[in-house]
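Engineer:
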Amino acid sequence: MSNKLSGTPKGTPKKKSSGDSNSDSTKSKVKIPRSFITRPSTQLNSKSAAKVYIHQTVLKASDIPIGSLLHVTKEGDNNGVLAIAQPGDQNSPTNIIQVSNTLRSISNIVLGDRLEITKLSSQPSYAINVKVGTASGRTLNDRCVKSIEKLLDEVGIVTPGMQFNKFGIPGLKETDEKEYDTLIIVEVDESPDISKLSLEEDNDENGSFQSFVAPCSLFKRGSTTVTLSTETQADKKYGLPKPTNYSQVGGLQRQIELLKSTIELPLHQPTLFSDFGITPPRGILLHGPPGTGKTMLLRAVASETNAHVLTINGPSIVSKYLGETESALRDIFNEAKKYQPSIIFIDEIDSLAPSRNSDDSGEVESRVVATLLTLMDGVGDSGRLVVVAATNRPNSIDSALRRPGRFDQEVEIGIPDVESRFDILKLQFKKMIKHTLSDEDIFTIASKTHGYVGADLVALCRESVMKTIQNNLKKGGTNQDNLKVTINELEQSLPDIRPSAMREIFLEMPKVYWSDIGGQDELKTKLKEMVQLPLEAAETFKKLGVSSPKGVLLYGPPGCSKTLTAKALATESGVNFLAVKGPEIFNKYVGESERAIREIFRKARAASPSIIFFDEIDALSSDRNGTTTASNNVLTSLLNEIDGVEELKGVVIVAATNRPTEIDTALLRPGRLDRHVYVSPPDFEARLQILENKTQKMSIDSNDIDLKDIAKQTDGCSGAEVVLLCQEAGLAAIMENTEAERVTKVHFQKALNGISRGITEDMLEYYKEFANRSGIEA
2 MSNKLSGTPK GTPKKKSSGD SNSDSTKSKV KIPRSFITRP STQLNSKSAA KVYIHQTVLK
62 ASDIPIGSLL HVTKEGDNNG VLAIAQPGDQ NSPTNIIQVS NTLRSISNIV LGDRLEITKL
122 SSQPSYAINV KVGTASGRTL NDRCVKSIEK LLDEVGIVTP GMQFNKFGIP GLKETDEKEY
182 DTLIIVEVDE SPDISKLSLE EDNDENGSFQ SFVAPCSLFK RGSTTVTLST ETQADKKYGL
242 PKPTNYSQVG GLQRQIELLK STIELPLHQP TLFSDFGITP PRGILLHGPP GTGKTMLLRA
302 VASETNAHVL TINGPSIVSK YLGETESALR DIFNEAKKYQ PSIIFIDEID SLAPSRNSDD
362 SGEVESRVVA TLLTLMDGVG DSGRLVVVAA TNRPNSIDSA LRRPGRFDQE VEIGIPDVES
422 RFDILKLQFK KMIKHTLSDE DIFTIASKTH GYVGADLVAL CRESVMKTIQ NNLKKGGTNQ
482 DNLKVTINEL EQSLPDIRPS AMREIFLEMP KVYWSDIGGQ DELKTKLKEM VQLPLEAAET
542 FKKLGVSSPK GVLLYGPPGC SKTLTAKALA TESGVNFLAV KGPEIFNKYV GESERAIREI
602 FRKARAASPS IIFFDEIDAL SSDRNGTTTA SNNVLTSLLN EIDGVEELKG VVIVAATNRP
662 TEIDTALLRP GRLDRHVYVS PPDFEARLQI LENKTQKMSI DSNDIDLKDI AKQTDGCSGA
722 EVVLLCQEAG LAAIMENTEA ERVTKVHFQK ALNGISRGIT EDMLEYYKEF ANRSGIEA
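Residue numbering for the sequence shown follows our numbering, beginning at 2 and increasing consecutively.
Laid out in structure tokens, this is it:
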């Protein structure tokens with residue numbers, strides 16, 4: 002067996018023959034490719050399962066004898082597979098390598114991948130035992146052992162992850178009937194004393210490392226035993242690269258079905274379209290926020306369709322030399338036409354083909370776009386070629402690409418809803434295995450992760466594992482085999498993972514709860530009804546045909562907890578919260594203020610359900626009579642976003658002001674800020690609750706201080722003034738004695754004497770007039 006495979010031993014001097022001069026001239030004429038294009042092997046018998054076929058002139062020029070062992074890797078990767086060199090078709094190009102499905106199954110090699118080959122630096126060991134299972138998990142019978150031994154002896158090389166399709170399994174009855182299944186090598190035990198190959202430190206002649214995705218050994222019939230197994234895969238033990246298929250993509254079933262119809266049919270059944278006299282779809286554009294699964298979907302399409310796959314990463318083909326980028330594009334399309342059926346993937350297409358009307362686009366970009374347009378139009382009606390592109394900035398792409406005949410279909414991969422998040426999390430925990438979560442627990446987490454994309458949910462699962470390990474270490478646990486992720490670790494991880502859609506405008510809101518706000522029970526109830534209820538019971542609103550309120554205006558004297566109420570709403574509702582400070586919107590450049598408004602609403606829609614809180618809304622929406630053009634434009638943008646042509650779904654506006662009459666009446670009409678809630682100064686019960694909340698953390702003499710009496714004396718004060726009273730009392734105690742241990746009644750009385758009331762009768766009358774004008778009782 003070793004003579005058949007190993008070729009000329011390393012270091013053996015070769016005698017020079019008369020044919021050597023011809024050999025030298027051949028080497029000089031043949032240009033050895035740096036990498037080879039993967040194509041399927043035309044030899045479908047089991048003997049050829051571990052063989053790769055390369056042009057004979059390349060083998061000679063590379064000093065690779067026929068039958069020698071090769072280390073085959075993807076371009077730029079170190080981990081490879083073991084293969085036997087064989088001469089390929091002499092009529093094929095010199096840069097082609099034909100690889101069997103069996104070898105491709107080990108390291109997930111796709112047709113069109115670029116592979117590099119080197120001679121093996123040392124002799125592999127012989128396998129002691131080979132454990133074999135089937136893809137279906139069925140139990141093999143003893144009658145299969147001889148068939149398997151014969152098959153593996155013909156192949157010669159055994160590696161975990163090898164798959165042999167259509168293996169005939171004798172029936173259990175005493176008949177000649179056979180059932181067919183996919184045979185998988187699950188595990189290989191090597192001989193420890195003969196082995197020269199290691200997964201980490203094998204140097205070839207040039208001193209570079211030769212590592213393998215899994216242990217590679219030789220099979221010797223008679224000395225290598227075959228063990229039958231019920232396992233269905235080898236990737237768990239060896240960490241083999243697993244192909245991405247549709248079943249691993251969660252929450253995108255509708256998009257997957259659309260891709261199947263628009264990609265697989267034109268590739269494998271193009272005559273279906275020509276029979277009707279129409280051209281099949283040629284291009285598909287996937288667009289959506291980062292982390293939603295666009296690139297993952299591309300990989301799934303590549304592995305599911307047995308097509309020649311060519312990938313273009315936007316900037317990777319851009320060259321500084323004139324015309325080279327266009328030439329690279331033409332070469333890719335020519336290769337795709339040559340090896341049909343084929344798919345061309347263009348990731349981040351916005352960087353390759355930006356809009357030619359933008360200021361950033363120059364002559365080079367325009368030529369690249371023109372080349373891409375010409376190539377897509379030149380595919381032809383009968384060609385089995387599809388172009389799939391992905392971007393998170395679809396509006397930055399040249400508009401000429403977004404028409405029928407080029408990118409016919411545009412598939413949005415949006416932020417997942419609660420059902421899609423549940424689907425993604427279920428897939429993640431199915432792979433995780435070590436957890437105690439039920440489907441109800443997973444759905445609970447899915448309902449709390451508004452605005453999370455697929456990448457965020459994967460990060461959440463990873464963080465929960467880290468929390469589990471850390472909690473175990475804190476408890477002094479040494480045995481980590483029995484560790485399991487629980488819902489507690491997942492909930493602990495939620496604050497650490499920020500939603501990608503909100504990351505640019507994320508605000509670390511202080512944790513304020515309804516209980517932290519003294520009194521205002523009616524206000525809290527109204528906000529729950531108007532804000533939380535429509536977001537949490539959106540389906541019920543839809544079923545009953547009731548439209549939820551668009552926005553709420555909180556108005557009242559300064560210091561009466563309008564902003565504090567918004568903070569509590571953000572914490573208690575659990576939905577995404579965007580806080581906007583009125584004056585920060587304005588920009589000295591024309592159009593930038595309006596863009597800021599549009600961007601806020603765009604992100605709120607993407608991360609819905611969400612709340613946008615405008616503090617000091619009067620600064621943004623002053624009455625348009627007598628205001629500047631810039632203010633008018635900002636107000637117009639705000640009005641259009643709240644109740645314009647594009648519907649505002651899953652977003653509630655909460656605004657706060659202490660000058661409600663300054664706001665333009667167009668913003669206060671029904672359909673915009675249609676609910677006006679008066680935030681009144683705190684009554685006796687509210688003031689008492691504020692005092693109790695603030696003095697909980699203070700060291701006071703409870704026998705001496707009567708909080709009810711202080712609450713009576715603060716009649717007419719705002720909530721902020723009551724809070725200030727407690728702070729002033731504490732400060733008075735410190736000024737009296739820097740080492741004071743308690744705050745006494747005297748200190749509170751001193752603070753009461755110095756406090757000034759900001760709420761006047763005229764101010765209260767002003768709010769009553771506004772309430773009467775709005776039809777709401779203040």
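All residues carry an ideal CB built from backbone N, CA and C; glycine is no exception. Source: prediction; values computed, not measured.
Taking the runs of the beta strand (DSSP E) that are 3 residues or longer, which of them lie wholly in the segment 640–686?
Structural biologist: 652–658 and 676–679, all fully within the segment 640–686.
Engineer: Could you compute how far the alpha carbon of residue 408 sits from the alpha carbon of residue 600?
Structural biologist: Rounded to the nearest angstrom, the two C-alpha atoms are 27 Å apart.
Engineer: Please classify residue 746: does DSSP put it in a helix, a strand, or coil?
Structural biologist: In this structure, residue 746 counts as helix in the three-state DSSP scheme.
Engineer: Distance check for residue 576 and residue 141, CA to CA, integer angstroms please.
Structural biologist: Going from the Cα of residue 141 to the Cα of residue 576 covers about 53 Å.
Engineer: Check whether the segment 244–259 and the segment 145–163 are in contact - that is, three or more C-beta pairs closer than 8 Å.
Structural biologist: The answer is no - the segment 145–163 does not touch the segment 244–259, with fewer than three Cβ pairs under 8 Å.
Engineer: Evaluate the contact criterion for the segment 434–447 versus the segment 279–288: three or more CB pairs, one atom per stretch, below 8 Å.
Structural biologist: Touching, no, given that fewer than three Cβ pairs across the two stretches are closer than 8 Å.
Engineer: Would residue 1 and residue 36 qualify as a contact pair, given that the criterion is a beta-carbon distance under 8 Å?
Structural biologist: The displayed coordinates of the chain run from 2 to 779. Any statement about residue 1 would go beyond what the structure contains.
Engineer: According to DSSP, simplified to helix, strand and coil, what is residue 6?
Structural biologist: Residue placement at residue 6 cannot be trusted, given a pLDDT of 41 that sits under 50; what the coordinates show is reported in the next sentence. Correct three-state label for residue 6: helix.
Engineer: CB residue 266 to CB residue 338, shorter than 8 Å?
Structural biologist: Cβ distance not < 8 Å, so residue 266 and residue 338 don't count as in contact.
Engineer: Could you check which residue in 123, 526 and 76 has the C-alpha nearest to that of residue 678?
Structural biologist: Closest option to residue 678, Cα to Cα, is 526.
Engineer: Nearest to residue 416 by alpha carbon, out of 605, 277, 546 and 55?
Structural biologist: For the residues 605, 277, 546 and 55, the minimum Cα distance to residue 416 belongs to 605.
Engineer: According to DSSP, simplified to helix, strand and coil, what is residue 71?
Structural biologist: DSSP places residue 71 in strand when its eight states are reduced to three.
Engineer: Beta carbon of residue 99, beta carbon of residue 127: below 8 Å?
Structural biologist: Their beta carbons are not under 8 Å apart, which means residue 99 does not touch residue 127 by this criterion.
Engineer: If you draw a straight line from the alpha carbon of residue 431 to that of residue 245, how long is it in whole angstroms?
Structural biologist: Their Cα atoms are separated by approximately 15 Å.
Engineer: In three-state terms, what does DSSP make of residue 281?
Structural biologist: Coil, per DSSP.
Engineer: Which residue comes first and which comes last in the alpha helix (DSSP H) that contains residue 267?
Structural biologist: Residue 267 -> alpha helix (DSSP H) spans 266–269.
Engineer: Please name the residue, chosen from 84, 58 and 618, that lies closest to residue 31 on a Cα-to-Cα basis.
Structural biologist: It is 58 whose Cα lies nearest to the Cα of residue 31.
Engineer: Within 10 Å of its beta-carbon, does residue 181 have 16 or more other beta-carbons around it, so buried, or fewer, so exposed?
Structural biologist: Residue 181 should be labelled exposed.
Engineer: So the candidates are 490, 706, 461 and 457; which of them puts its Cα closest to the Cα of residue 470?
Structural biologist: Closest by alpha carbon: 490.
Engineer: Just the C-alpha distance for residue 262 and residue 307, rounded to the nearest angstrom, thanks.
Structural biologist: Looking at the two C-alpha atoms, the distance is approximately 15 Å.
Engineer: Which one of 349, 336 and 393 has the shortest CA to CA distance from residue 380?
Structural biologist: It is 336 whose Cα lies nearest to the Cα of residue 380.
Engineer: By the three-class DSSP mapping on this structure, what secondary structure does residue 225 have?
Structural biologist: Of the three classes helix, strand and coil, the one that applies to residue 225 here is strand, per DSSP.
Engineer: Within the continuous beta strand (DSSP E) that includes residue 303, where are the two ends?
Structural biologist: Not the beta strand (DSSP E): residue 303 falls in the alpha helix (DSSP H), residues 295–305.
Engineer: Going straight from the alpha carbon of residue 185 to that of residue 80, what length do you get?
Structural biologist: Rounded to the nearest angstrom, the two C-alpha atoms are 20 Å apart.
Engineer: Taking only the alpha-carbon atoms, compute the straight-line gap between residue 201 and residue 70 and give it to the nearest angstrom.
Structural biologist: With a pLDDT of 43 at residue 201, under the threshold of 50, the predicted position of this residue should be treated as unreliable, though the coordinate-derived value follows. Rounded to the nearest angstrom, the two C-alpha atoms are 18 Å apart.
Engineer: Measure the CB-CB distance between residue 602 and residue 655 and report whether it falls below 8 Å.
Structural biologist: No, these two residues do not count as a Cβ contact at 8 Å.
Engineer: Kindly give me the distance between the Cβ atoms of residue 112 and residue 86, rounded to whole angstroms, as I take these residues to be in contact under 8 Å.
Structural biologist: No, residue 112 and residue 86 are not in contact; Cβ-Cβ is about 20 Å, not under 8 Å.
Engineer: Considering only the alpha carbon of each residue, which of 681, 404 and 623 lies closest to residue 666?
Structural biologist: The shortest Cα separation from residue 666 among 681, 404 and 623 belongs to 623.
Engineer: Just to confirm before moving on: does the CB-CB distance between residue 109 and residue 243 stay below 8 Å?
Structural biologist: Yes, the Cβ-Cβ distance between residue 109 and residue 243 is below 8 Å.
Engineer: Report, in whole angstroms, the separation of the C-beta atoms of residue 238 and residue 188, which I expect to be a contact under 8 Å.
Structural biologist: Their Cβ separation, rounded to whole angstroms, is 7 Å, which keeps residue 238 and residue 188 in contact under 8 Å.
Engineer: Give the DSSP-derived three-state secondary structure of residue 181 in the structure shown.
Structural biologist: Residue state, collapsed to three classes: strand.
Engineer: At a cut of 8 Å, does the segment 723–737 reach the segment 745–752 through at least three beta carbon pairs?
Structural biologist: Yes: the two stretches touch, three or more of their Cβ pairs being nearer than 8 Å.
Engineer: For residue 212, list the residues DSSP reports as bridge partners.
Structural biologist: In DSSP, residue 212 forms a bridge with 80.
Engineer: At which residues does the alpha helix (DSSP H) containing residue 725 begin and terminate?
Structural biologist: Start and end: 720–737.
Engineer: By how many angstroms is the C-alpha of residue 488 removed from the C-alpha of residue 864?
Structural biologist: Beyond the ends of the chain as shown, which are 2 and 779, falls residue 864; an answer cannot be given.
Engineer: Can you tell me which of the three DSSP states residue 616 falls into?
Structural biologist: Residue 616: strand per DSSP, three-state reduction.
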